[in-house]
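Engineer: Protein chains in written order, with my numbering: chain A, 8 to 179; chain B, 163 to 249; chain C, 3 to 560. Just so it is clear, CB atoms sit at the ideal spot from N, CA and C, and this is done for glycine as well. Quick one: this structure, given as structure tokens, is what I'll be asking you about.
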Amino acid sequence: MHIHKFEQFWIKLSFVLIAFFIATVVYGFVAMDLKVIGDHATIDPQNLADTKFGNPGVYEATDNSKAEYEVYVTAFQFAYNPGTAQPIVVPANTRITFYVTSPDVLHGFDVAGTNLNTMAIPGQVAKFTTIFPEVREYGIVCNEYCGPAHHVMEGKINVVPKSEFDKSNLVE
Amino acid sequence: MSQNIEAGKIIIKPTVMTEDLNQSNENSDSAKNWEERDPDIEREITIDEYQPYGTLTLTLLYFAIVMLMWIFMYFVEFAGNAPSIID
Amino acid sequence: MTFLHKYPKAAKVAKANFIVAFIALAIGGFFGFVQALHRTDVFRGFFNSGEYYTLLTGHGVLLALIFTTFFIAGLFVWGVTRSLEREPENMTFTWSWFWLMTIGLVMATVAILGGLVPDSSIRAAVLYTFYPPLQAHPLFYIGLALVLIGSWMAGADWFWSYRKWRADNPGDRIPILTFMALFTMLMWYVCTIGLALEVVGLLIPWSLGWVTEIEPLLPRTLFWFFGHAVVYFWLLPAYYVWYAILPKLSGGRLFSDSMTRIVFVIFLLLSTPVGYHHQYADAGISVGFKFYAMATTLLLLLPSLITLFTVVASMEHGARQRGGKGYLKWIGKLPWDSPAFVGCALAGIMFAAGGFSGMINASMNINLLIHNTLWVPGHFHLTVGTAVALTFMAITYWLLPQLTGRKLKHKTMALIQPYAWFLGMTLMSNAMHRAGLAGVPRRTAEPQYSGFDFEPIFGTMAEMNWQIAIGGTILTISLILFLWVVVASWLAGEKSDKPVDDHIPKPLSGVEHTPAILDNMKLWFTLALVLVILAYSFPLWEMVADGIFEPGALPRPS
Numbered sequence: 008m009h010i011h012k013f014e015q016f017w018i019k020l021s022f023v024l025i026a027f028f029i030a031t032v033v034y035g036f037v038a039m040d041l042k043v044i045g046d047h048a049t050i051d052p053q054n055l056a057d058t059k060f061g062n063p064g065v066y067e068a069t070d071n072s073k074a075e076y077e078v079y080v081t082a083f084q085f086a087y088n089p090g091t092a093q094p095i096v097v098p099a100n101t102r103i104t105f106y107v108t109s110p111d112v113l114h115g116f117d118v119a120g121t122n123l124n125t126m127a128i129p130g131q132v133a134k135f136t137t138i139f140p141e142v143r144e145y146g147i148v149c150n151e152y153c154g155p156a157h158h159v160m161e162g163k164i165n166v167v168p169k170s171e172f173d174k175s176n177l178v179e
Numbered sequence: 163m164s165q166n167i168e169a170g171k172i173i174i175k176p177t178v179m180t181e182d183l184n185q186s187n188e189n190s191d192s193a194k195n196w197e198e199r200d201p202d203i204e205r206e207i208t209i210d211e212y213q214p215y216g217t218l219t220l221t222l223l224y225f226a227i228v229m230l231m232w233i234f235m236y237f238v239e240f241a242g243n244a245p246s247i248i249d
Numbered sequence: 003m004t005f006l007h008k009y010p011k012a013a014k015v016a017k018a019n020f021i022v023a024f025i026a027l028a029i030g031g032f033f034g035f036v037q038a039l040h041r042t043d044v045f046r047g048f049f050n051s052g053e054y055y056t057l058l059t060g061h062g063v064l065l066a067l068i069f070t071t072f073f074i075a076g077l078f079v080w081g082v083t084r085s086l087e088r089e090p091e092n093m094t095f096t097w098s099w100f101w102l103m104t105i106g107l108v109m110a111t112v113a114i115l116g117g118l119v120p121d122s123s124i125r126a127a128v129l130y131t132f133y134p135p136l137q138a139h140p141l142f143y144i145g146l147a148l149v150l151i152g153s154w155m156a157g158a159d160w161f162w163s164y165r166k167w168r169a170d171n172p173g174d175r176i177p178i179l180t181f182m183a184l185f186t187m188l189m190w191y192v193c194t195i196g197l198a199l200e201v202v203g204l205l206i207p208w209s210l211g212w213v214t215e216i217e218p219l220l221p222r223t224l225f226w227f228f229g230h231a232v233v234y235f236w237l238l239p240a241y242y243v244w245y246a247i248l249p250k251l252s253g254g255r256l257f258s259d260s261m262t263r264i265v266f267v268i269f270l271l272l273s274t275p276v277g278y279h280h281q282y283a284d285a286g287i288s289v290g291f292k293f294y295a296m297a298t299t300l301l302l303l304l305p306s307l308i309t310l311f312t313v314v315a316s317m318e319h320g321a322r323q324r325g326g327k328g329y330l331k332w333i334g335k336l337p338w339d340s341p342a343f344v345g346c347a348l349a350g351i352m353f354a355a356g357g358f359s360g361m362i363n364a365s366m367n368i369n370l371l372i373h374n375t376l377w378v379p380g381h382f383h384l385t386v387g388t389a390v391a392l393t394f395m396a397i398t399y400w401l402l403p404q405l406t407g408r409k410l411k412h413k414t415m416a417l418i419q420p421y422a423w424f425l426g427m428t429l430m431s432n433a434m435h436r437a438g439l440a441g442v443p444r445r446t447a448e449p450q451y452s453g454f455d456f457e458p459i460f461g462t463m464a465e466m467n468w469q470i471a472i473g474g475t476i477l478t479i480s481l482i483l484f485l486w487v488v489v490a491s492w493l494a495g496e497k498s499d500k501p502v503d504d505h506i507p508k509p510l511s512g513v514e515h516t517p518a519i520l521d522n523m524k525l526w527f528t529l530a531l532v533l534v535i536l537a538y539s540f541p542l543w544e545m546v547a548d549g550i551f552e553p554g555a556l557p558r559p560s
């Protein structure tokens, strides 16, 4: 097989490029805390009422979690609960774990302008942990087609200063 | 078989030498004819004469652009788009 | 004597496939025009926002599934017939697959268009990915299944021709125009296993009401088992044109037959096991499987990077034979006044940009930056929307005369068409990429929200919306030019015994330098199946272990 020396060089360079990409991804994952959703748990989408999703909102975190607060959110046609009727209120600079699922169809849960971006899949619980660095408001966008009113589906996250976070609003 | 070592080609002996006269629609005579027939072609360049410097230039340029764009996208756009999923 | 005169039966089949492809292109393209104006709020008078999703389904299905598949069938009928020098073995069989695919497509399209009829129970506003539990009318799923089965028969038809040719030519190497077609179809057989399991095994019974509940993650995963490789099913025929024909259009010869075959072998092996890179944001699939998919996906960069070198080197060869000199000046000596060349070359340039945004999409964590945002359509309009679609349109200018025996009409319009496509796509796609970075979602009729504003880093939302609307309009004009040239040439082009120079010279480095093992289809196909089993068996097992339809959700109307 004749491979021209220029093309041989280019092939080697291509392997360098591929290795570089894999290395930056691994570095980002491990050293910069830039992670993705993994496998957490399944759930019965027709019986969310029997779970914490039956009473969604911001909870004090359970003891075996590294987070301080947990947010249970359901995404459904065509709103988030909480998020749409009232914003999700969370404190800044605090470890918060979100649990997201859907009782009906696929939805997206994308905090616009951030890397918090996941699918709400009936039957699956999406779990992710984050820290909000700034006091500000964020919009939540449903970015997976979910039916005829998909485009009106939106929500809000209100990040307040840690000192001003009102614990009396937590779900019991 | 070409013994052109200074062109730096790797030569692997093919395991099958085949008669390919009925393979393509031509033999080496009409190979010359094709370059001769096309009025826009000024001269024929054979595999031994051809060094794709232009391709090397373009691909190296592409490599540089992709590397720089990647570093920008990953370490500025992505890493700077906090909050992110940390667990 | 051109193809039509030598192989009239094959020419008829190829033309039939092209007719269907171009009609699908016209309708799907028109829907795209409406979408570009609607979602940017430039004009919402054609349809309402609820109907938008029917249009979007039509746009995706007609362009990404129908236009592509039928054009590819026509292209491969041409290429296999020409290189094996035999008409199809049995015209009844050949016409059967064509009609099966066509009947299937009509069923699916009727289901989709039913969504535009008020109060119709026949609807399929499920988008081209048709994720359950959103449910379409059974006609939609059955129609798609028929198209799928027809495509399997088409592949079988070409393998049949190959086997007959092989019996007459025992020692020969597979001609490159047949090699590339067969390897594309081998890859298609591997990846459509997932689609068949999903559509026939799950969705048709579910849409007919034989089962009520469905677990959404399983069909979605089976779709993406198919869904990444399908983009290579579209791309490899474009590579087919770039490797086999573009060098000659450039005035040169293919740089290397060996590299061409190696590239297609790698695509057969790696196209399917990478499907999880479309599911990085999904719960229910572990990080370990996602990482494995990422690594294999990035390896898939290699055959495309090799293609970049080999195809450009072939073009450079042509330029230099035409008198080109220097490190970059030779580019000017390429035939920029030849419509077929221009379309292929511009398509290739655009693919280089689309390839980069694909590298971002592939890379697990940075994918979350752009997942389901407008960046993703920005990316695929560069790749399938230009690298593939524009190549197909451009090569039509060279193929159609061979199939009709008529010269091309309106050459000036044919020349303007690819430049216009490139301009329109540059405007539309760059704005889509930037809007996606700001978080603007894809697949949405009205990405304007009441509770917050998008904050782009470069530019403004208004300017991006205008670029999408104007770019989309220019693309529509380019499409009209293409259709005009095709119809005029087909009906009224000057008849000729040799309407184009259809000669393809031998490569610079020919098949005699290519190791015979690359032609061993059984070996590579088996290896491809092994890699798929390694990637998918465990995760799929986990999903069905608790019941194929568990945990089940109820169907929702589309």
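With DSSP collapsed to three states, give me the class of C:THR375.
Structural biologist: Of the three classes helix, strand and coil, the one that applies to C:THR375 here is strand, per DSSP.
Engineer: Indicate whether at least one CB of chain B lies closer than 9 Å to the CB of A:VAL37.
Structural biologist: A:VAL37 does not count as touching chain B.
Engineer: Are the C-beta of A:PRO140 and some C-beta of chain D separated by less than 9 Å?
Structural biologist: Of the protein chains in this structure, namely A, B and C, none is chain D.
Engineer: By the three-class DSSP mapping on this structure, what secondary structure does A:GLN93 have?
Structural biologist: A:GLN93 falls in the coil class under three-state DSSP.
Engineer: Tell me whether B:ASP191 is buried or exposed, calling it buried when 16 or more other Cβ atoms sit within 10 Å of its Cβ.
Structural biologist: The predicted position of B:ASP191 is uncertain, since its pLDDT is 48 and thus under 50; no value can be drawn from it.
Engineer: From what residue to what residue does the beta strand (DSSP E) around C:PHE311 run?
Structural biologist: Unbroken run through C:PHE311 is the alpha helix (DSSP H), 303-323; no beta strand (DSSP E).
Engineer: Can you pull the chain B neighbours of A:ASP40, defined as C-beta to C-beta under 9 Å?
Structural biologist: SER246, ILE247, ILE248 and ASP249, listed in chain order.
Engineer: Would you kindly work out how many angstroms separate the C-alpha atoms of A:LEU123 and C:GLN281, rounded to a whole number?
Structural biologist: Going from the Cα of A:LEU123 to the Cα of C:GLN281 covers about 15 Å.
Engineer: Which of helix, strand or coil does DSSP assign to C:ARG445?
Structural biologist: Note: C:ARG445 maps to coil in three-state DSSP.
Engineer: Alpha carbon to alpha carbon, how far is C:GLU496 from C:GLY360? Give it in angstroms, no decimals.
Structural biologist: Computed Cα separation, rounded: 43 Å.
Engineer: Find the nearest neighbour of C:ILE484 within the set C:MET545, C:ARG125, C:LEU27 and C:PRO10, judged by alpha-carbon distance.
Structural biologist: Note that residue 484 of chain C is Phe in the sequence shown, not Ile. Of the candidates C:MET545, C:ARG125, C:LEU27 and C:PRO10, the one whose C-alpha sits nearest the C-alpha of C:PHE484 is C:LEU27.
Engineer: Report the three-state DSSP secondary structure of B:LYS171 (helix, strand or coil).
Structural biologist: Residue placement at B:LYS171 is poorly supported in this model, since its pLDDT is 46, which falls under 50; the coordinates still yield a value, given next. It is coil, neither helix nor strand.
Engineer: Could you check what DSSP says for B:SER186 in three-state terms: helix, strand or coil?
Structural biologist: Note that B:SER186 scores 43 on pLDDT, short of 50, meaning its location in the model is unreliable; the coordinates nonetheless yield the value given after this. It is coil, neither helix nor strand.
Engineer: List the residues that DSSP assigns as beta-bridge partners of A:ALA127.
Structural biologist: Beta-bridge pairing links A:ALA127 to A:HIS114.
Engineer: Using the beta-carbon of each residue, which ones in chain A are nearer than 9 Å to C:MET466?
Structural biologist: Ordered by position in chain A, no residue passes the 9 Å Cβ test against C:MET466, which lies about 15 Å from the chain.
Engineer: So which residues of chain A does B:ALA241 contact, with C-beta pairs closer than 8 Å?
Structural biologist: Within 8 Å Cβ-Cβ: GLY35, MET39 and LEU41.
Engineer: Which chain B residues sit within Cβ distance under 8 Å of A:THR136?
Structural biologist: Neighbours of A:THR136 on chain B, chain order: ILE247, ILE248 and ASP249.
Engineer: What did DSSP end up calling C:VAL532 once you bin it into helix, strand or coil?
Structural biologist: Helix, per DSSP.
Engineer: With 9 Å set as the bound, which would you pick, yes or no: does the beta-carbon of A:ILE25 sit closer than that to a beta-carbon of chain B?
Structural biologist: No - not a single Cβ of chain B is within 9 Å of the one on A:ILE25.
Engineer: How is C:VAL213 classed by DSSP in three states: helix, strand or coil?
Structural biologist: C:VAL213: coil per DSSP, three-state reduction.
Engineer: Give the residues from the stretch 204-215 of chain B that approach chain C closer than 9 Å (Cβ to any Cβ), ordered along the chain.
Structural biologist: Within the stretch 204-215 of chain B, the residues whose Cβ lies closer than 9 Å to some Cβ of chain C are GLU204, ARG205, GLU206, ILE207, THR208, ILE209, TYR212, PRO214 and TYR215, listed in chain order.
Engineer: Would you give the residue range spanned by the beta strand (DSSP E) that A:GLU14 belongs to?
Structural biologist: It is not in any beta strand (DSSP E) - A:GLU14 instead sits in the alpha helix (DSSP H) that spans 12-38.
Engineer: Residues bridged to A:ARG102 by DSSP?
Structural biologist: In the DSSP output, where bridge partners are listed per residue, A:ARG102 has A:ILE138.
Engineer: DSSP three-state label for C:MET155, please.
Structural biologist: It is helical.
Engineer: With 16 other CB atoms within 10 Å as the buried threshold, where does C:THR70 fall?
Structural biologist: Result: buried.
Engineer: Does the distance from the C-beta atom of C:LEU67 to that of C:ALA113 stay below 9 Å?
Structural biologist: Not in contact: C:LEU67 and C:ALA113 (Cβ atoms no closer than 9 Å).
Engineer: Spatial neighbours of C:TRP526 within its chain, please: CB distance less than 6 Å, with the 5 preceding and 5 following residues excluded, ordered by chain position.
Structural biologist: Excluding residues within five positions, the ones whose Cβ falls inside 6 Å are VAL267 and LEU270.
Engineer: Taking Cβ positions, are C:PHE311 and A:PHE13 nearer each other than 9 Å?
Structural biologist: Going by C-beta atoms, C:PHE311 is nearer than 9 Å to A:PHE13.
Engineer: Report buried or exposed for C:SER85, applying the criterion of at least 16 other Cβ atoms within 10 angstroms of its Cβ.
Structural biologist: With 16 or more other Cβ atoms within 10 Å, it is buried.
Engineer: Using 9 Å as the threshold, is the C-beta distance between A:ALA119 and C:PHE454 below it?
Structural biologist: Yes, these two residues count as a Cβ contact at 9 Å.
Engineer: Compare the C-alpha of C:ALA110 against each of C:ALA126, C:PHE95 and C:SER273 and name the closest.
Structural biologist: Selected option, being the one with the closest Cα: C:ALA126.
Engineer: For B:ASP231, decide whether its Cβ has a neighbour in chain A, counting only Cβ atoms nearer than 9 Å.
Structural biologist: The sequence shown places Met at residue 231 of chain B, rather than the Asp named in the question. So, not an interface residue.
Engineer: Spell out whether any CB of chain A is found under 9 Å from the CB atom of B:PHE225.
Structural biologist: True, the Cβ-Cβ gap to chain A drops below 9 Å.
Engineer: Identify the continuous beta strand (DSSP E) that holds A:TYR66 and give its terminal residues.
Structural biologist: Here the beta strand (DSSP E) through A:TYR66 covers 64-67.
Engineer: Which residues bound the alpha helix (DSSP H) around C:THR223?
Structural biologist: Start and end: 219-246.
Engineer: At the level of alpha carbons, what is the spacing between C:GLY461 and B:LEU230?
Structural biologist: Spanning the two alpha carbons is a distance of roughly 21 Å.
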